[in-house]
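As you go down the protein sequences, you meet chains A and B in turn.
For the first sequence, the positions run 1 to 684 when my numbering is used.
For the second sequence, the positions run 1001 to 1684 when my numbering is used.
Glycine is no exception: its CB is placed at the ideal position from the N, C-alpha and C atoms.
There are 2 protein chains.
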Amino acid sequence: MIKLLMLLCALYFAAPGARADEGMWTLDNLPLKQLQERYNFTPAPEWLAKVRLASVRFNDGGSGAFVSPNGLVLTNHHVALGQLQKMSNEKKDYVKEGFFARRPMEEQPCPDLELNVLFSTQDVTARVLAAIDAKASDAVQNSQRKAEISRIEKESFDKTKLRSDVVELYNGGQYQLYRYQKYTDVRLVMAAEVQAAFYGGDYDNFVFPRHDLDMAFFRVYEDGKPVKSPAYLKWSRGGAKDGELVFVSGHPGATDRLMTIKQLEHERDYDLPTRLKKFALRRAALNEYSARGPEPARRARNKIFGLENSCKAYTGELQGLDPKLMAAKKAEEEALRAAVAAKPELAFAAAAWDRLAAVQEKLVARFKDLQYRGASDSKLAGIAQNIVRYVAEVEKPNEKRYEEYRDSNLDSLRFQLFSPAPVYPDLEEHMLALDLKESLDQLVPGHPYVKTALGGKDPHARARELVSGTALADPEQRKKLVGGGRKAVSASTDPMIVWARTLDPLYRELRKWREDEIESVEALEGNKLTKARFAILGTSAYPDATFTLRLSYGKVAGYEEGTTRVPYKTTFHGLYDRAASFDNQPPFDISPLEASRKGDVDLTTPLDFVTTNDIIGGNSGSPIFNRDGEYVGLIFDGNIPGLVLRFAYTEERARAVAVHSSGILEGLRKVYRMYSLAEELTAP
Amino acid sequence: MIKLLMLLCALYFAAPGARADEGMWTLDNLPLKQLQERYNFTPAPEWLAKVRLASVRFNDGGSGAFVSPNGLVLTNHHVALGQLQKMSNEKKDYVKEGFFARRPMEEQPCPDLELNVLFSTQDVTARVLAAIDAKASDAVQNSQRKAEISRIEKESFDKTKLRSDVVELYNGGQYQLYRYQKYTDVRLVMAAEVQAAFYGGDYDNFVFPRHDLDMAFFRVYEDGKPVKSPAYLKWSRGGAKDGELVFVSGHPGATDRLMTIKQLEHERDYDLPTRLKKFALRRAALNEYSARGPEPARRARNKIFGLENSCKAYTGELQGLDPKLMAAKKAEEEALRAAVAAKPELAFAAAAWDRLAAVQEKLVARFKDLQYRGASDSKLAGIAQNIVRYVAEVEKPNEKRYEEYRDSNLDSLRFQLFSPAPVYPDLEEHMLALDLKESLDQLVPGHPYVKTALGGKDPHARARELVSGTALADPEQRKKLVGGGRKAVSASTDPMIVWARTLDPLYRELRKWREDEIESVEALEGNKLTKARFAILGTSAYPDATFTLRLSYGKVAGYEEGTTRVPYKTTFHGLYDRAASFDNQPPFDISPLEASRKGDVDLTTPLDFVTTNDIIGGNSGSPIFNRDGEYVGLIFDGNIPGLVLRFAYTEERARAVAVHSSGILEGLRKVYRMYSLAEELTAP
């Protein structure tokens, strides 16, 4: 599953000279020549405007699209999973049973889901660059850049009341002001049951052939009524066809196509192995917790899903960084360095590789410190840390704040912070203890983080004391503290707040060090490399992914695997075959609904399919549409050979995996009997 | 497909210390302790006698079993393919359309199919060894051994009139006289159409999941009536179940489990790459011929199938000889050498590795000569060479002849030589020209083979002259020449006979060189290694495969592939899924019969399945049966990870692939409506 599970790790450089179906393109800079030559297609301005307004960003890490004029949004079940989990309880389990609103009044509000639609973009590169004193130190230049960005965002927000983000593209080669329409009254319309949506579980995740109905429908409301969404993708009659040109719009989270060799080596030797180890530890802890009974299992389920998904994804990325890829990247880098060395006018970039390499060394030296900046697995600990920072930051001038506390972001932040979603103390305690124990095991004795976070206590005792003593499970308490500002937070004796207060200076020191010593150099030197690349390789390029709107193009296509061919699609026959072939044993058992309605289903209906589109985590829920702008499929995954796409595009075997539009319709009508929803989709 | 496509290449050593489900065991030396410990099963003598008498050897390279008391034999479609091809013509294509005898009188005689059933075995080791003078030269010892074997075979044949073969096991550690009941009146009862039997063609060959009904039924006749076959495998009601103990009886062709490192290197660096190159050349030539039209395509079809199958198999074997396997084999060999060096009583074996290595050097030196000993791709050229040798050999005392011309083999040989199967002059010419051209390209100018075979002519002209001038397409002409003996053959002016006569001395020189210089050393030194292995590792062992009856045990089991699981079986749903997923495009189109009868088929019926049994080429058509001796499946293939089984057993991912007995029955009843055949199988 390719939901965006981590926030952007690192953003580097642009990718000039894209080949084949490569590229996650911004809508203002599409590869029109390639599209025309390869597919005889040039998008009209109205086509592009519709794509932009029909594309929806799920702020918890996914994508989606309007599929009717009445605010109906289609995304993946696994993008909806967080909300489904929050809306479920011990008695009613929407994850397991699915959710089916058969009448408008049954559509159910989500606790804390924010959707964004890109309203406009504006190039603000000149203004940002003008604010930077090129003769100042790296750290000062970095601050100047950030301050100017925050001013632009605030001005825009104050003027338009639209969510306003300055997006850095091409590693600072370009700054764009993105304004979003923001929706927070979002209601659940339909979600498949998890066994149909995520058939085969972790085994089949990132695998093709695949047999998932990974779909969920929401409806956007404003003022208590469904919004009008005249820009929506019309349902295709036949759905995706073998070989046809298709597009994916969505919000790919992060790619690292232009990392230097040293940076790739850092990923391969430090970042990815460390993450995998951390995740394995968490998975074990959650399995232990789940074993306590059905209700703990229900509570931990979506966390386990997330961890298993990440483990598989990172394992794939790590495998992707094989000697072959590294050799190719090395050859590219050497060629670029030679070209830079040969051109006096590019001398400014000559030292960039070495300076970036030096940054990697610094990172390695503080690698362990950086792992422990706060507790990330406990929701309550996260809330406490957030509140402590919030009240301190908002006292500063807007442009001096951390990005996430700028005025333009506060609305969205409060929406999350005050969410009424349930908190489970036993799970909180279990995970906070894990966090604390891990820091104790990993850091040297007497390390400031250990001293402060544990306060000389046993991890389990410390976690119990903090979780049982805090009142933060109640959103009203959070509001009171935030409302009371720094004074209220300083005076608070809530043990979790006290704990977060004492840890805050450590966090701030590490963040400042990272910004001044690492980020600033990466931004400056990376930018030089980008300029050099543009000078040598030309300017037809797409920027690395930034969880902002992108369009990728490609074709529906199977591929070779071993000595045989993988077809471009599966059918319902394949689903029932796989279940029967495993004698219906979990996790390959057929869902009860799919089992009981089998006789109604046309088994040759396409279910899932694959395309060559260039996608990555964050594209989950993205629409696939054809040259007529018709909805033909729903992205929900990449295959394992596709995980290398974080570092390099290939269309040999890497594929985007999607639910076929005909499969969605067949499922709605025959399996779920959601006739009016099907009618809404196919209305002329 | 694992039909035996080459005769035994080389036989070495035995495999002591078998683990897990390893081993192709002779029926007189089963791993009873392992079977009891692992599966709580000890076969009764009657059980073993039934297995022996129910197992059928197809002398053109496959296996089969009696499945009714009335001489009904079940094997693979691809084992029957040679006969189907010979019985078809431009008007009636049984390969394409299948064959369905719905009444006894419609059962159709095969032109040249010989079946064998093992009647008895007798240990003749002492007698063979007594005939060898251990002080004589290697070559003389080799002749003595062969002469004694031929005497034993002749005596047995004269006495019993049963086909009598002395089989060398454990590389000469044991000699067994095998007596066979031989059947040559074999009639075709039913064969699936090739698109159902070999669904997915070369793409899906050696692949699992799989969707083949690779089955054909024959009936054995004697004196114009079906033979009684009281020892047959009763049809199982439910067929193979996940995890259950199952047995495979059949005739695995050749394994090389105990090759030395030098021998494995020779395979990896010379034998396999050379074969692959030769086969690629032939495939290209046949494709060219096929392109001439539908009838040429029909004529060449089974040859192309054979070549594609071999290419894939050898590619798999070559991949199997990877650094990991080589390292393991090397470690084993070094341990054995150290153990031999440490025991004075094993001094006799100390030089064996070096002497065997020296043999490999000699082989390399004459490697190209050995490739060109006669034309192998033209049937007529083969017949001519056979006739020339036949009349010369039969004049010698029995024990001095080449093995294949000993009295005990002459019946079977004549049955093949005088076969009325059709000969296609245009195909003959095309393939003979290829043979001749290849020798011209590969050998040095003036090489005796080139000079003699081409006679200074262009390959195409030479091939045309030989094929158009010969009368050997007529079996009567062959009988006349053989009947006339050496005199008639010497006097013959048939250009193909003249050509074969002039080439014969070259063939004889190479064969003598190989027997004296290579085979003799391999036999003697290999035997020493076997003795040393027995002394060190114990005597519970199975011999390398020799296309004689073996029993292997294992369990029905899926496996891990990449990050997911492959189920232990497929169902009819999977077949219809795969066809629909490829939009029914060849070679993944559904056969017309399977398409039109889809509505009748219970789609959840098991179709194919996999087991851990140790099998190899020659096991095609082998029955799989359970501990009650009931027929549960029909071996037809190994998966790609299973191709390494030629060199070493593994049950991690290597699997035998079979048609499920329930799939066979469903196919017979619902797809082919062969009700009386289905009734015969399931009669109580």
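query	result
I'd like the list of long-range same chain contacts for residue 1069/B, defined as Cβ closer than 7 Å, with 5 residues on each side in sequence excluded.	1228, 1229, 1230, 1232
At a CB-CB cut-off below 7 Å, which residues of chain B make contact with residue 595/A?	In chain order: nothing, as chain B lies at least about 11 Å away.
Are the stretch 520-530 of chain A and the stretch 204-224 of chain A touching, with three or more C-beta to C-beta distances below 8 Å?	no
What residues of chain B sit near residue 460/A, judged by a beta carbon separation below 8 Å?	The contacting residues do not exist; residue 460/A stays about 34 Å from chain B at best.
Mind listing which residues of the stretch 1538-1572 of chain B have their C-beta closer than 7 Å to chain A's C-betas, in chain order?	1562, 1563, 1564, 1565, 1567, 1569, 1570, 1571
Does any residue of chain A have a CB that is nearer than 7 Å to the CB of residue 1600/B?	no
Please name the residue or residues paired with residue 1216/B in a DSSP beta bridge.	1075/B, 1191/B
So, residue 1662/B versus residue 1613/B, is the Cβ gap smaller than 7 Å?	no
So, with DSSP's three-state summary, where would you put residue 1016/B?	Low confidence applies here, because residue 1016/B scores a pLDDT of 39, under 50, leaving its location unreliable; read the following figure in that light. Residue 1016/B: strand per DSSP, three-state reduction.
Counting only Cβ pairs nearer than 7 Å, list the residues of chain A close to residue 1312/B.	563
Less than 7 Å between the beta carbons of residue 1114/B and residue 1305/B, yes or no?	no
In three-state DSSP terms, what is residue 8/A?	Any reading at residue 8/A must be qualified, since the residue scores a pLDDT of 28, below 50, and its modelled position is unreliable; no value is offered.
Report the residues of the stretch 1625-1642 of chain B with a CB closer than 8 Å to any CB of chain A, ordered along the chain.	1640
At the level of alpha carbons, what is the spacing between residue 1525/B and residue 1355/B?	7 Å
What would DSSP say about residue 1100/B, mapped onto helix, strand or coil?	strand
With distances taken between CB atoms, is the gap from residue 1591/B to residue 1313/B smaller than 7 Å?	no
Using 8 Å as the threshold, is the stretch 1244-1253 of chain B in touch with the stretch 1623-1631 of chain B, meaning 3 or more CB pairs across them?	yes
Is it the case that the stretch 1063-1080 of chain B contacts the stretch 1152-1172 of chain B, given that we only count it when at least three CB pairs across the two stretches are under 8 Å?	no
Please list, in chain order, the residues of the stretch 1202-1235 of chain B that have any C-beta partner in chain A closer than 9 Å.	1202, 1203, 1204, 1205, 1206, 1207, 1209
Hey, could you find the ends of the alpha helix (DSSP H) residue 320/A is sitting in?	294-320
Relative to the alpha-carbon of residue 706/A, which residue among 607/A, 73/A, 675/A has its alpha-carbon at the smallest distance?	Examination of residue 706/A is not possible in this model, given that chain A is present from 1 through 684 alone.
Could you tell me the distance, in whole angstroms, from the CA atom of residue 1123/B to the CA atom of residue 1039/B?	30 Å
Taking a cut of 8 Å between CB atoms, which residues from the stretch 1241-1254 of chain B lie near chain A?	1242
Tell me the residue span of the beta strand (DSSP E) that contains residue 660/A.	656-660
Closest to residue 1162/B by CA distance: which of 1118/B, 1133/B, 1146/B is it?	1118/B
What is the residue span of the alpha helix (DSSP H) that residue 1203/B lies within?	1201-1204
When the Cα atoms are used, what is the spatial distance from residue 693/A to residue 1565/B?	Here chain A has residues from 1 to 684 only, and residue 693/A is not among them.
Might you give, ordered along the chain, the residues of its own chain that have their beta carbon closer than 7 Å to the beta carbon of residue 1556/B, omitting 5 neighbours on each side?	1240, 1241, 1242, 1243, 1244, 1246, 1568, 1609, 1611
Any Cβ of chain A within less than 7 Å of the Cβ of residue 1576/B?	yes
Hey, is the stretch 1350-1364 of chain B in contact with the stretch 1393-1409 of chain B, meaning 3+ C-beta pairs nearer than 8 Å?	no
Are residue 21/A and residue 651/A touching if we call contact CB-CB under 7 Å?	yes
So with CB distances below 8 Å, who are the chain A contacts of residue 985/B?	Only positions 1001 to 1684 of chain B appear in this structure, which leaves residue 985/B out of reach.
Excluding five sequence neighbours on each side, which residues of the same chain lie with their C-beta closer than 7 Å to the C-beta of residue 1423/B?	1379, 1380, 1473
For residue 64/A, list the residues DSSP reports as bridge partners.	56/A
Look up residue 250/A in the DSSP assignment and give the residues it is bridged to.	550/A
Consider the Cβ of residue 668/A: report whether some Cβ of chain B lies at a distance smaller than 7 Å.	no
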